[in-house]
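Read the structure below first, then the notes.
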Amino acid sequence: MTMIDMHAHYLSPSVLREASAGSVPVGLAPGGRSFLFPSGPSRPVPPPLCDLADRLHWMDERAIERQILAPWMDITGDDLPPDAAAAWCRTMNDSCAADIGDEPRFGALAALPVVDGEAAARELVRSVEQLGFCGGAIPTQVGGRDLDMAGLEPLWEAAGSLGTLLFMHPFRVLGGDRLKVHFLNNVCGNPFETTLAALRLYFARTFTGWPDLRILLAHGGGVLPMLAGRAAHASRHAPGFDRAVDDPDSILQCFYYDTILHDPRALTLLMNAVDPARIAAGTDYPFPMIIDRPTDHVRQAADQAGLPEDALRRILSGTAQELLHSRASR
Numbered sequence: 003m004t005m006i007d008m009h010a011h012y013l014s015p016s017v018l019r020e021a022s023a024g025s026v027p028v029g030l031a032p033g034g035r036s037f038l039f040p041s042g043p044s045r046p047v048p049p050p051l052c053d054l055a056d057r058l059h060w061m062d063e064r065a066i067e068r069q070i071l072a073p074w075m076d077i078t079g080d081d082l083p084p085d086a087a088a089a090w091c092r093t094m095n096d097s098c099a100a101d102i103g104d105e106p107r108f109g110a111l112a113a114l115p116v117v118d119g120e121a122a123a124r125e126l127v128r129s130v131e132q133l134g135f136c137g138g139a140i141p142t143q144v145g146g147r148d149l150d151m152a153g154l155e156p157l158w159e160a161a162g163s164l165g166t167l168l169f170m171h172p173f174r175v176l177g178g179d180r181l182k183v184h185f186l187n188n189v190c191g192n193p194f195e196t197t198l199a200a201l202r203l204y205f206a207r208t209f210t211g212w213p214d215l216r217i218l219l220a221h222g223g224g225v226l227p228m229l230a231g232r233a234a235h236a237s238r239h240a241p242g243f244d245r246a247v248d249d250p251d252s253i254l255q256c257f258y259y260d261t262i263l264h265d266p267r268a269l270t271l272l273m274n275a276v277d278p279a280r281i282a283a284g285t286d287y288p289f290p291m292i293i294d295r296p297t298d299h300v301r302q303a304a305d306q307a308g309l310p311e312d313a314l315r316r317i318l319s320g321t322a323q324e325l326l327h328s329r330a331s332r
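Quick note, the sequence shown lines up with residues 3 to 332 if you use this note's numbering.
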């Protein structure tokens with residue numbers, strides 16, 4: 003049984019060359035592997051992030067039929083001035099499109115200049131309609147501004163009108179210095195950040211205003227499947243809410259979820275909480291938190307959840323096929 007990988011990252015080598023040559027708004031640190039942003043240098047670029055040939059071989063060994071390439075969120079430039087951010091994202095998207103060419107086993111999600119909601123909407127439309135991308139990637143916050151307070155309404159409108167996917171993936175995370183040891187910025191920071199962003203969007207009535215919005219949450223939705231009931235309870239019994247949520251499913255069904263949960267029991271919990279039509283397989287290639295045997299991982303969890311073969315097939319490829327369908331997609 004083959005799968006479609008909905009959570010993977012790619013950076014075109016040409017972006018490194020252009021940054022080295024000074025022809026884009028972002029430079030390189032000495033050594034040529036870290037990008038320089040106003041808030042500081044990025045982590046060094048891992049070589050596998052830029053290699054499509056080795057990636058195809060890796061996919062072949064794991065029966066991955068297709069991989070959807072998202073940008074590396076660390077370098078999408080949420081701290082750049084709006085014009086520079088727009089130019090930088092165009093560079094990354096154009097370079098990715100050129101590298102993919104007509105290779106049917108790759109699709110792409112656009113880097114978006116989320117510092118400006120109008121510019122992000124324009125780049126999403128351009129990337130989908132002109133480059134053939136499958137959608138766009140968004141962070142969980144924009145330089146400290148939560149998504150519901152970041153002026154992204156034009157982006158929600160564009161994504162809903164296109165019927166295209168937005169993949170939410172954290173970069174900057176809450177927790178500060180407390181998470182600087184034991185990789186906790188990733189282990190805890192990423193899922194906590196995703197959960198917070200998702201709940202803020204829900205309670206800001208984002209999906210009431212844009213009911214066609216399709217957002218795929220990275221890392222299995224963080225801890226949202228466990229906390230949706232708590233959030234619903236709070237909405238009925240605690241201050242600070244403008245509506246009462248009777249059923250946690252009304253929160254959970256607003257989103258889609260990947261399978262990047264590193265214990266099959268955790269993935270089983272997700273499978274028990276949401277319909278398989280809301281779950282899409284992923285790997286997190288090529289980073290340290292990669293799910294190296296993704297089909298086995300999903301199958302083990304599906305067996306524990308008692309899901310039939312058609313539900314397993316839905317998670318491995320069917321949900322992805324639906325998410326990737328838009329008015330114009332690669």
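Yeah, the Cβ is synthetic: ideal placement off N, Cα and C, and Gly gets one too.
Query: Where does the unbroken alpha helix (DSSP H) through residue 102 begin, and where does it stop?; Result: 84 to 102
Query: Per DSSP, residue 69 forms a beta bridge with which residues?; Result: 7 and 108
Query: Could you tell me whether the Cβ atoms of residue 121 and residue 95 are closer together than 8 angstroms?; Result: no
Query: Assuming contact is defined by CB atoms lying nearer than 8 angstroms, are residue 287 and residue 76 in contact in what I supplied?; Result: no
Query: Tell me the residue span of the beta strand (DSSP E) that contains residue 170.; Result: 167 to 170
Query: Between which two residues does the alpha helix (DSSP H) carrying residue 260 extend?; Result: Taken as a continuous stretch (DSSP letters only), residue 260 belongs to no alpha helix (DSSP H), being part of the beta strand (DSSP E) at 257 to 260.
Query: Helix, strand or coil: how does DSSP classify residue 76 here?; Result: helix
Query: For residue 145 and residue 85, which I take to be in contact (beta-carbon distance under 8 angstroms), what is that distance rounded to the nearest angstrom?; Result: With a Cβ gap of about 16 angstroms, residue 145 and residue 85 do not count as contacting.
Query: Helix or strand or just coil, what does DSSP make of residue 119?; Result: helix
Query: As a quick exercise: from 64, 91, 198 and 325, pick the residue whose alpha carbon is nearest that of residue 214.; Result: 325
Query: Within 10 Å of its beta-carbon, does residue 132 have 16 or more other beta-carbons around it, so buried, or fewer, so exposed?; Result: exposed
Query: Taking the C-alpha atoms as reference points, what is the distance between residue 34 and residue 111?; Result: 25 angstroms
Query: Taking C-beta to C-beta, are residue 9 and residue 262 nearer than 8 angstroms?; Result: yes
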